[in-house]
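Enquirer: Structure in structure tokens, see below.
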Amino acid sequence: MTLSPGGAPFLSAAKAEEVRQRFGTPCYVYDLVGLEAAARRALAFGAPYGLTLRYAMKANPSRGILGVFRALGLHIDASSDWEVERALVAGFAPEQILLTSQMPSRRLAEHIARGIRLNACSLHQLEAVGRAAPGRAIAVRMNPGLGSGSTKRTNTGGPAASFGIWHDYLGDVKAVAARHGLTIRTLHTHIGSGTDPEVWKRATRMTLDLVAQLPDVKVVNLGGGFKVGRMPEEPTVDIAEVGSHVRGELEAFRERDGRALSLEIEPGTYLVAQAGVVVATCVDVVDTGKDGYLFAKLDTGMTEVTRPSLYGAQHPVDVVGGAGREPAAVVFVGPCCESGDVLTPAPGDPETLGPRWLPRPRIGDLVLVGGAGAYCSAMSTINYNSYPQAPEVMLEPDGRLTLLRQRQTFEQMLANEM
Ligand SMILES: Cc1ncc(COP(=O)(O)O)c(C=O)c1O
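Residue numbers (this note's numbering): 78 to 495.
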């Protein structure tokens with residue numbers, strides 16, 4: 078059984094209560110101080126010949142968060158035509174946006190006219206870019222043959238991953254590029270989310286070996302994936318240590334090859350995960366007898382924090398005001414009519430319950446679900462069981478709460494039905 082730590086160190090009990098009074102629960106709260114601090118750490122990443130830090134906006138595309146990172150000079154990794162649009166609305170310049178999409182873009186001509194940067198993620202995409210924009214400088218995403226993720230579902234490299242062009246096909250990449258007069262200016266790899274830093278380092282070398290075979294490449298993009306331990310027992314990557322390794326690799330590459338490569342990295346999780354919490358309410362407490370389980374039902378679950386149901390991901394849970402109460406082994410579940418709506422599964426195993434040893438929750442308690450800045454609002458199962466999309470709030474450094482997005486209304490839920 079896991080001992081559960083505090084859900085969100087940045088949110089006091091009084092602030093959490095203020096959130097509930099003003100915005101209702103469930104409600105996402107983001108910490109501006111934490112967002113900026115993470116961005117500053119990432120901006121210090123080792124890059125001897127220039128660094129572009131792209132925010133992988135898939136982690137959390139809220140305009141309020143995009144605005145924070147834009148002000149700090151970050152650029153954007155967009156994963157769909159729609160994310161490109163959202164980044165533009167948030168004020169990013171087209172040339173700050175790199176589109177890296179599984180889906181061949183339906184708006185290539187428009188992107189090209191505006192100056193959006195394109196990353197060809199398959200030979201089919203490369204052909205399409207070549208036809209639409211012959212002679213253009215582009216990026217190519219390769220699968221270097223190695224991947225690593227916190228689970229198999231977030232591993233995006235190696236033979237079991239469909240992302241990028243398999244490294245053996247470099248000859249085809251060159252042939253397609255030559256046929257359309259494309260210059261491959263950027264080589265991109267992203268091997269997974271929650272990556273083992275040692276594997277990330279090996280993939281760096283494999284990526285540079287590919288760059289060595291592409292004489293026009295001036296920029297290497299090593300993707301994101303930096304692991305963040307949401308729970309205290311989970312490791313968090315030492316980004317400065319990985320950065321100093323990459324610095325050494327880039328310097329050695331220059332010695333070998335002569336090229337001083339500019340570096341891009343594109344973290345999502347690292348920038349936002351720990352700066353988010355869901356403020357929720359315990360709405361019921363039930364149990365299944367003396368040999369069964371004690372369940373605390375919350376008004377949040379897979380609707381706002383889907384990762385536990387999907388991956389068995391671990392998020393800290395905190396019962397506000399519970400200190401001093403008798404502890405109990407508690408399984409936290411969400412409000413959906415779905416046995417998979419479990420907030421505390423066993424680590425890495427969404428099929429198994431993972432009770433937490435915590436003060437026994439009571440109906441009406443405030444409960445905080447931490448580590449909810451990345452892939453929570455973005456991946457929520459919006460409107461399952463017809464629960465409305467939860468609001469998002471920014472906690473400002475002076476303690477003010479600013480509403481970023483209001484709770485979806487019932488009318489909005491039905492708006493597109495004929
Ligand atoms: C191409 C690409 N870059 C960056 C990221 C960000 O990964 P993370 O949030 O693990 O840093 C992802 C995540 O899926 C991705 O697909």
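We put the beta carbon where it would ideally sit given N, CA and C, even for glycine.
Computed from a predicted structure; not experimentally measured.
I'd like the list of long-range same chain contacts for residue 243, defined as Cβ closer than 6 Å, with 5 residues on each side in sequence excluded.
Expert: Excluding residues within five positions, the ones whose Cβ falls inside 6 Å are 220.
Enquirer: Rank 230, 209, 178, 329 by C-alpha distance to the C-alpha of residue 125 and give the top, closest one.
Expert: It is 329.
Enquirer: From the DSSP secondary-structure annotation, give me the bridge partner or partners of residue 219.
Expert: Answer is 242.
Enquirer: Would you decide whether residue 249 is buried or exposed? Buried here means 16 or more other CB atoms lie within 10 Å of its CB.
Expert: By the neighbour-count rule (16 or more Cβ atoms within 10 Å), residue 249 is not buried but exposed.
Enquirer: Please determine, among 406, 304, 222, 309, the residue with the shortest C-alpha to C-alpha distance to residue 317.
Expert: It is 304.
Enquirer: What number of angstroms, rounded off, separates the C-alpha of residue 190 from the C-alpha of residue 184?
Expert: Rounded to whole angstroms, residue 190 to residue 184 spans 10 Å at the Cα level.
Enquirer: Got a sec, what are the start and stop residues for the alpha helix (DSSP H) residue 208 sits in?
Expert: Taken as a continuous stretch (DSSP letters only), the alpha helix (DSSP H) holding residue 208 covers 200-209.
Enquirer: Which of helix, strand or coil does DSSP assign to residue 100?
Expert: Helix at residue 100.
Enquirer: Mind checking which residues open and close the beta strand (DSSP E) that includes residue 361?
Expert: Segment 353-364, the beta strand (DSSP E) holding residue 361.
Enquirer: Determine the extent of the alpha helix (DSSP H) in which residue 386 is found, giving its start and end residues.
Expert: Unbroken alpha helix (DSSP H) run through residue 386: 384-388.
Enquirer: Between residue 452 and residue 380, is the Cβ-Cβ spacing less than 8 Å?
Expert: It is not a contact, given that the beta carbons lie outside the stated cut-off.
Enquirer: Given that a residue counts as buried once 16 or more other Cβ atoms are within 10 Å of its Cβ, and exposed if not, what is residue 486?
Expert: Flag for residue 486 reads exposed.
Enquirer: Assuming residue 358 and residue 443 form a contact by the criterion Cβ under 8 Å, report the distance between their Cβ atoms to the nearest whole angstrom.
Expert: Residue 358 to residue 443, Cβ: 6 Å. Contact.
Enquirer: CB of residue 344 to nearest heavy atom of ligand 1: below 7 Å?
Expert: Residue 344: yes, Cβ under 7 Å from ligand 1.
Enquirer: Given that a residue counts as buried once 16 or more other Cβ atoms are within 10 Å of its Cβ, and exposed if not, what is residue 225?
Expert: When all chains shown are included, residue 225 counts as buried.
Enquirer: What residue ranges within the segment 385-469 form continuous alpha helix (DSSP H) runs of no fewer than 4 residues, ordered along the chain?
Expert: Counting only runs of 4 or more, we get nothing.
Enquirer: Leaving out five residues before and five after residue 295 in sequence, what residues of the same chain have Cβ atoms less than 8 Å from its Cβ?
Expert: 262, 263, 336, 338, 339, listed in sequence order.
Enquirer: Determine the DSSP secondary structure at residue 347, reduced to helix, strand or coil.
Expert: Reduced to three states, the DSSP call for residue 347 is helix.
Enquirer: Given a threshold of 16 other Cβ atoms within 10 Å of its Cβ, counted over all protein chains shown, does residue 193 qualify as buried or as exposed?
Expert: So residue 193 counts as buried.
Enquirer: Just how far apart, CA to CA, sit residue 383 and residue 371?
Expert: In a straight line, the C-alpha of residue 383 is about 21 Å away from that of residue 371.
Enquirer: So residue 339 is in the beta strand (DSSP E); what residue range does that whole segment cover?
Expert: That run of the beta strand (DSSP E) goes 339-342.
Enquirer: Taking 7 Å as the cut-off, is the C-beta of residue 267 nearer than that to any heavy atom in ligand 1?
Expert: True, at least one ligand heavy atom lies under 7 Å from that Cβ.
Enquirer: Below 8 Å, how does it come out for the segment 118-135 and the segment 89-106: are there three or more Cβ pairs, yes or no?
Expert: As far as the Cβ criterion goes, the segment 118-135 does not touch the segment 89-106, which means the pair count is below three.
Enquirer: How far does the beta strand (DSSP E) with residue 372 in it extend, from its first residue to its last?
Expert: Segment 371-375, the beta strand (DSSP E) holding residue 372.
Enquirer: Let's see if you can read the secondary structure: which residues bound the beta strand (DSSP E) around residue 131?
Expert: That run of the beta strand (DSSP E) goes 128-133.
Enquirer: State yes or no: is the C-beta of residue 205 within less than 8 Å of the C-beta of residue 181?
Expert: Yes, they are a contact pair.
Enquirer: Please name the residue, chosen from 300, 281, 291, that lies closest to residue 324 on a Cα-to-Cα basis.
Expert: Of 300, 281, 291, the residue nearest in Cα terms is 281.
Enquirer: When you compare the segment 275-289 with the segment 306-313, are there three or more beta-carbon pairs, one atom per stretch, that lie closer than 8 Å?
Expert: Touching, no.
Enquirer: Going by beta carbon distance, what residues of the same chain come within less than 8 Å of residue 430, once the five residues before and after it are set aside?
Expert: Closer than 8 Å at the Cβ level, and outside the excluded window around residue 430, lie 370, 408, 419, 421, 422, 423.
Enquirer: Kindly give me the distance between the Cβ atoms of residue 362 and residue 438, rounded to whole angstroms, as I take these residues to be in contact under 8 Å.
Expert: 6 Å between Cβ atoms; contact.
Enquirer: Report all residues from its chain with a CB closer than 6 Å to the CB of residue 349; omit the five preceding and five following residues, and keep chain order.
Expert: Hits under 6 Å: 136, 137, 450, 451.
Enquirer: What number of angstroms, rounded off, separates the C-alpha of residue 321 from the C-alpha of residue 346?
Expert: Taking the straight line from one Cα to the other gives about 20 Å.
Enquirer: May I ask you to report which of helix, strand or coil DSSP gives residue 265?
Expert: Residue state, collapsed to three classes: strand.
Enquirer: Relative to the C-alpha of residue 230, which candidate in 332, 140, 272 has its C-alpha closest?
Expert: Here the closest residue by C-alpha is 272.
Enquirer: Using alpha carbons as the reference points, say which of 466, 477, 482, 479 lies closest to residue 491.
Expert: Here the closest residue by C-alpha is 466.
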